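Numbering (the numbering used here), first residue to last: 12 to 138. Worksheet for the structure shown next.
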């Protein structure tokens, strides 16, 4: 089973798409600890990505898509156990070299990635 969360827009309070629902991050953080945890991982990476882009004074448009690969056996028991988290940094209005630079910068500087890199993969895509 896979759960996909997409963040875009204002880095401080991004638009979050979860399934067919679109809400502001602050609304989803208020829904409880599990939702706050699920949103916090891509949100941290989105913030780090946008800060890196701003540091180079680039007008790249960024969004982050997080795909949580869930253990299907644990899900049968009602437990959310992540086998893998794949986070894709999607960039528009920039070249591939810049998108790669952002992804590598996030890997080096994001505390969430540094804490979970054995279960997390960060990729990039130029749109």
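Just so you know, even glycine gets a beta-carbon here, dropped at the ideal spot from N, CA and C. This one's a predicted model, so the numbers in the text were calculated from it and none came from an experiment.
Decide if residue i is buried, meaning its Cβ has at least 16 other Cβ atoms within 10 Å, or exposed.
{"i": "residue 131", "result": "buried"}
{"i": "residue 50", "result": "buried"}
{"i": "residue 126", "result": "exposed"}
{"i": "residue 41", "result": "exposed"}
{"i": "residue 37", "result": "exposed"}
Can you tell me whether residue i is helix, strand or coil according to DSSP?
{"i": "residue 36", "result": "helix"}
{"i": "residue 75", "result": "strand"}
{"i": "residue 114", "result": "helix"}
Look at the Cβ atom of residue i, then the Cβ atom of residue j, and state whether they are nearer than 8 Å.
{"i": "residue 57", "j": "residue 18", "result": "yes"}
{"i": "residue 137", "j": "residue 110", "result": "yes"}
{"i": "residue 54", "j": "residue 83", "result": "no"}
{"i": "residue 94", "j": "residue 81", "result": "yes"}
{"i": "residue 103", "j": "residue 71", "result": "yes"}
Which residues bound the alpha helix (DSSP H) around residue i?
{"i": "residue 86", "result": "83-87"}
{"i": "residue 124", "result": "122-127"}
Starting from residue i, follow the beta strand (DSSP E) in both directions and report where the run begins and ends.
{"i": "residue 131", "result": "131-137"}
{"i": "residue 55", "result": "No beta strand (DSSP E) contains residue 55, which is instead part of the alpha helix (DSSP H) from 44-66."}
{"i": "residue 102", "result": "93-103"}
{"i": "residue 13", "result": "13-19"}
{"i": "residue 70", "result": "From DSSP, residue 70 is part of no beta strand (DSSP E); its letter is neither H nor E."}
{"i": "residue 26", "result": "26-29"}
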